[in-house]
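Peer 1: So in full-length UniProt numbering, spot 718 of the sequence shown is number 718, and the numbers just go up one at a time.
Glycine included, C-beta positions come from ideal geometry on N, C-alpha and C.
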Amino acid sequence: MSARSRKGRSARPDTSHQKNQRQNRSSSGHEVRLAQAADSFGDGIGGRSSAGGKSAKKKKSAKHAKLADASDAAPREVPYPQGLPTDRPLDVDDYFDQLALWLDLEADAERARLARLRQIRNERDVESTGQAIVGLDLVDYHTGLAGRYLLDLAKPARQQLPMNRLKVGSPVVLSNDADPSDEGIAGVVSLRKNHQIQIATEVFPDPEAPQAKSSKRAQGAIGEIRYRLDLSPDETTRKRQLVAMARARTERGRGGRLRDVLLGSDSPRFDGKKLSAGPLSADTIAEERADLRFRTELNPPQQDAVAFALLADDVAIIHGPPGTGKTTTLAEVIAQAVDRGERVLACAASNTAVDNLLERVQRLVPYVVRVGHPARVFEHLRDYTLDGQVEKDPSSHVVKDLRRELEQCLRMAQRAPGGRQRGEWFAQAGRLRGQIRSLEKSIVRGVLDRADVICTTMTLDEELLGDERFDLIVIDEACQSTEGGMWQAILRADRLIIAGDHCQLPPTVLSDEAARIGMRDSLMQRLVQRFGEPVYRRLTVQYRMHEAIMRFSSDHFYEGSLIADASVRSHLLSDIEGVDQTSLTESPLLWIDTAGAGYEEELEPDGQSKLNPAEANLVVDLVHQLVDAGIEGEEIAIIAPYAAQVRLLRSRLDLEGLQVDTVDGFQGREKEVVLLTMVRSNPEAIIGFLSDRRRSNVAMTRAKRKLIIVGDSATLCVHEFYADVLKYFEDNNAYQSVFEHEC
Ligand SMILES: Nc1ncnc2c1ncn2[C@@H]1O[C@H](COP(=O)(O)OP(=O)(O)OP(=O)(O)O)[C@@H](O)[C@H]1O
């Protein structure tokens with residue numbers, strides 16, 4: 001049965017989860033799944049039998065390697081088995097086939113991981129995985145933007161929720177806890193508290209389901225069902241990417257040109273001339289620069305980078321090691337483009353990176369809108385969110401009244417004895433929801449149309465953005481995104497400026513197979529290799545770190561090219577007004593070595609994430625010493641490579657402004673003092689993903705005035721990189737054994 005005929009048959013709108021489940025069951029081949037994903041979006045590609053398009057149908061040439069597939073009978077075609085080449089142009093169909101294959105492998109890996117966890121049915125064990133919460137009551141509901149239902153779920157008697165990985169923005173499935181066959185409805189976590197979790201859904205849970213009567217009604221609960229929430233694979237993001245890729249294959253005109261440049265088959269143009277005819281001259285850049293009225297204090301190379309980016313007709317790259325002002329420079333590019341009357345889409349792969357950019361842009365541009373769930377946006381930037389702006393719109397009070405009416409309707413439906421009466425209340429609720437949606441849609445349209453700059457992660461909400469087009473797309477932290485993840489944004493303009501650093505975090509890829517055939521490699525790096533120096537500008541003066549904090553990273557990752565600006569070169573914590581001079585505040589570096597002290601790592605109960613309670617104790621003690629010396633909580637960050645250690649430290653420290661996060665949550669950020677807890681301590685010297693040097697590079701370059709590492713040298717320094725780090729600290733008189741520290 002085709003995806004199309006299935007869709008026509010369903011009595012009520014499908015949840016994406018139901019579609020996914022059926023897709024997973026009914027299709028075995030990767031191309032069929034891609035076709036369904038694309039088809040279910042009905043985005044002008046309905047006629048395609050596969051997202052692979054004509055190339056998937058055509059017989060693949062002998063150059064394509066085959067990839068063995070555990071689930072499919074036929075092996076899969078791999079157009080570029082060594083990853084995307086940079087020494088020749090890429091074939092359009094082969095390129096997008098490769099991207100689709102990456103996505104498919106990644107989807108398989110994610111589904112397999114979650115399926116393994118879903119096998120566990122025992123309540124205590126289920127929750128210990130952190131992937132599910134069971135025994136939940138629906139305690140309240142409201143309606144949110146775009147007519148979504150916001151369902152509040154809690155344990156009976158308001159027990160505390162177990163530790164879990166259901167973060168704001170996580171896709172989840174809500175199902176009947178008592179019925180293992182219930183496919184449930186799809187939703188997204190929209191709020192999280194200790195005792196309650198809220199999810200946004202398109203469908204209201206159906207109280208008429210026969211299994212609804214099976215569990216005992218809890219006090220305060222609405223209806224009689226006990227619910228279960230499971231993390232679900234992020235199919236929506238993948239589908240959106242597939243649809244964008246399918247469109248990009250056939251793009252013509254300027255969009256097609258940009259695609260061809262990005263695939264290396266056409267030469268990028270600057271100031272109307274192709275790079276193949278010669279690089280942009282220094283004089284042209286100087287002239288452009290002289291015409292600009294800069295809004296930010298930029299150094300000459302940064303100003304050149306702005307002029308260079310503004311002269312690009314297709315694509316330009318700004319590369320820079322940590323703290324060299326890539327985000328600052330991009331914000332200036334955006335402001336200059338807006339001054340010229342252009343509209344800009346400003347993106348990054350992570351919410352943190354988008355907010356970093358927004359933080360800078362909102363100071364320079366009057367009308368900026370941040371698209372994304374407010375709970376995932378830094379608190380001080382929430383006024384810029386679409387929700388925040390819509391709320392301020394004069395017509396939003398009408399929506400509020402309608403929402404109240406809708407909530408009343410739903411309550412009446414819940415109280416109705418059943419049958420026809422209940423159906424009528426639900427029908428009335430459906431009508432109100434329609435009215436709310438259309439009114440909100442017009443308010444949203446107005447807010448977006450007025451915006452000079454829209455900031456969003458690279459997973460664009462296509463429905464929300466509609467057919468908004470932009471003159472320029474700017475992507476920060478570009479190496480953190482897969483190529484497949486960029487096409488949704490790329491399709492919305494004809495010019496692209498990207499900034500990033502290939503020595504910082506790569507994208508998270510679960511599938512080893514996808515990583516092996518290039519999924520972690522970035523578009524930015526590929527373009528740099530394809531077109532060479534003329535396509536990028538490099539920044540080298542950094543304005544963040546004390547020179548001693550910078551030097552190791554500079555030597556190891558950037559051939560010693562990084563320069564500390566005089567304003568930061570020797571700054572210390574003790575230079576901050578009101579901070580005491582102590583051994584902690586008067587030097588820029590410290591490694592406290594826990595070797596031999598029995599600070600063993602532990603496994604979280606689910607056997608996935610790791611923690612080190614003894615190390616956490618030491619970090620807590622250090623934070624107290626810093627605070628006693630006069631450092632504010634907001635000047636301190638703790639970075640841990642493992643989420644379990646982050647959770648432990650968050651539960652141990654209640655200090656206003658203190659940030660505790662994983663490395664991934666910290667890219668692009670900076671703090672006066674950073675404490676790095678390395679966690680790994682085991683006799684086998686296994687260090688897991690600490691072996692990714694890029695991750696360590698990011699972690700070690702967030703501190704401005706003081707970097708403190710707490711870690712077990714006996715475990716870490718078996719590995720050459722950490723042996724070098726330790727030696728560097730020793731050479732700088734910054735090594736201390738925990739035994740000395742405790743004395
Ligand atoms: N020309 C400049 N003069 C003074 N300070 C600057 C200048 N350029 C950047 N900075 C400051 O340097 C710090 C780092 O800048 P920014 O975050 O833009 O760097 P980045 O290259 O994006 O960093 P990362 O690689 O960590 O993402 C910020 O505090 C910023 O305000």
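Decide if residue 484 is buried, meaning its Cβ has at least 16 other Cβ atoms within 10 Å, or exposed.
Peer 2: buried
Peer 1: What first and last residue would you give for the beta strand (DSSP E) that runs through residue 671?
Peer 2: 671-677
Peer 1: Confirm, please, whether the CB-CB distance from residue 609 to residue 108 is below 8 Å.
Peer 2: no
Peer 1: Can you give me the start and stop residues for the beta strand (DSSP E) that residue 172 sits inside?
Peer 2: 171-176
Peer 1: Answer yes or no: the CB of residue 327 versus the heavy atoms of ligand 3, is any distance below 7 Å?
Peer 2: This structure simply doesn't include ligand 3; it includes ligand 1 instead.
Peer 1: Taking only three categories from DSSP, how would you classify residue 308?
Peer 2: helix
Peer 1: Please report how far the alpha carbon of residue 157 lies from the alpha carbon of residue 234, in whole angstroms.
Peer 2: The C-alpha of residue 157 lies about 32 Å from the C-alpha of residue 234.
Peer 1: Going by DSSP in three states, residue 155 sits in which element: helix, strand or coil?
Peer 2: Three-state DSSP puts residue 155 in coil, outside helix and strand.
Peer 1: Residue 168 bridges to which residues according to DSSP?
Peer 2: Note: residue 168 sits in no beta bridge, so no partner.
Peer 1: Cutting at 8 Å between CB atoms, please list the residues of its own chain near residue 398, excluding the five before and the five after it.
Peer 2: 439
Peer 1: What residue range is occupied by the uninterrupted alpha helix (DSSP H) comprising residue 138?
Peer 2: Premise fails: residue 138 lies in the beta strand (DSSP E), 132-143, not in any alpha helix (DSSP H).
Peer 1: Just how far apart, CA to CA, sit residue 497 and residue 490?
Peer 2: 10 Å
Peer 1: I need the DSSP call for residue 499, collapsed to helix, strand or coil.
Peer 2: strand
Peer 1: Would you decide whether residue 12 is buried or exposed? Buried here means 16 or more other CB atoms lie within 10 Å of its CB.
Peer 2: Summary for residue 12: the model assigns pLDDT 30, below 50, so the residue's position carries little reliability; its value from the coordinates is reported in the next sentence. A residue is called buried when at least 16 other Cβ atoms come within 10 angstroms of its Cβ; residue 12 does not meet this threshold and is exposed.
Peer 1: Taking the alpha-carbon positions, what's the residue 132 to residue 650 distance?
Peer 2: Approximately 21 Å, taken between the alpha carbons.
Peer 1: Could you check if residue 319 is buried or exposed, using at least 16 other CB atoms within 10 Å of its CB as the buried criterion?
Peer 2: The residue is buried, with at least 16 neighbouring Cβ atoms inside 10 Å.
Peer 1: In three-state terms, what does DSSP make of residue 599?
Peer 2: Shown here, residue 599 sits in coil according to DSSP, grouped into three states, outside any helix or strand.
Peer 1: Given this structure, state the Cα-to-Cα distance separating residue 569 from residue 134, to the nearest angstrom.
Peer 2: About 53 Å.
Peer 1: Buried or exposed for residue 170, please, with buried defined as at least 16 other CB atoms from any protein chain shown within 10 angstroms of its CB.
Peer 2: buried
Peer 1: Residue 201 bridges to which residues according to DSSP?
Peer 2: DSSP output for residue 201 lists 149 and 187 as bridge partner(s).
Peer 1: Tell whether a beta-carbon distance below 8 Å holds between residue 823 and residue 455.
Peer 2: Because the chain spans 1 through 743 in this model, residue 823 falls outside it and cannot be assessed.
Peer 1: How big is the Cα-Cα spacing for residue 237 and residue 303?
Peer 2: 36 Å
Peer 1: Going by DSSP, what residue range makes up the alpha helix (DSSP H) through residue 352?
Peer 2: 351-361
Peer 1: Rounded to whole angstroms, how far is the Cβ of residue 334 from the Cβ of residue 361, which I believe are closer than 8 Å?
Peer 2: With 8 Å as the limit, residue 334 and residue 361 qualify as a contact, their Cβ atoms being about 5 Å apart.
Peer 1: Could you tell me how far apart the beta carbons of residue 494 and residue 255 are, in whole angstroms, since I believe they sit closer than 8 Å?
Peer 2: 6 Å
Peer 1: Go through its chain and collect everything with a Cβ distance to residue 745's Cβ below 6 Å, but skip five positions before and after it.
Peer 2: One cannot answer for residue 745 here, as it falls past the ends of the chain, which runs 1 to 743.
Peer 1: Kindly examine ligand 1 and report whether one of its heavy atoms sits closer than 7 Å to the Cβ of residue 668.
Peer 2: yes
Peer 1: Taking 8 Å as the cut-off, decide whether the C-beta atoms of residue 385 and residue 331 are in contact.
Peer 2: no
Peer 1: Taking only the alpha-carbon atoms, compute the straight-line gap between residue 217 and residue 137 and give it to the nearest angstrom.
Peer 2: Because residue 217 carries a pLDDT of 43, less than 50, the predicted location of this residue cannot be relied on, and the following value inherits that uncertainty. So the two alpha carbons sit approximately 9 Å from each other.
Peer 1: Inspect the beta-carbon positions of residue 229 and residue 298 and report whether they are closer than 8 Å.
Peer 2: It is not a contact, given that the beta carbons lie outside the stated cut-off.
Peer 1: What does DSSP give as the partner residue(s) for residue 230 in the beta ladder?
Peer 2: 132 and 173
Peer 1: Since residue 729 and residue 618 should fall inside the 8 Å C-beta cutoff, what is the C-beta to C-beta distance between them, to a whole number of angstroms?
Peer 2: About 16 Å separates the two Cβ atoms, so there is no contact after all.
Peer 1: Residue 352 and residue 665 - do their beta-carbons sit closer together than 8 Å?
Peer 2: yes
Peer 1: Please confirm if the segment 675-692 is in contact with the segment 704-723, defined as three or more CB-CB distances below 8 Å between the two stretches.
Peer 2: yes
Peer 1: What do you get for residue 52, buried or exposed, if any count of 16 or more other CB atoms within 10 angstroms of its CB means buried?
Peer 2: Unreliable positioning characterises residue 52 in this predicted model, as indicated by a pLDDT of 37, which lies under 50. The coordinate reading is nonetheless provided below. That one is buried.
Peer 1: If we count the other Cβ atoms within 10 Å of its Cβ and call it buried at 16 or more, is residue 508 buried or exposed?
Peer 2: exposed
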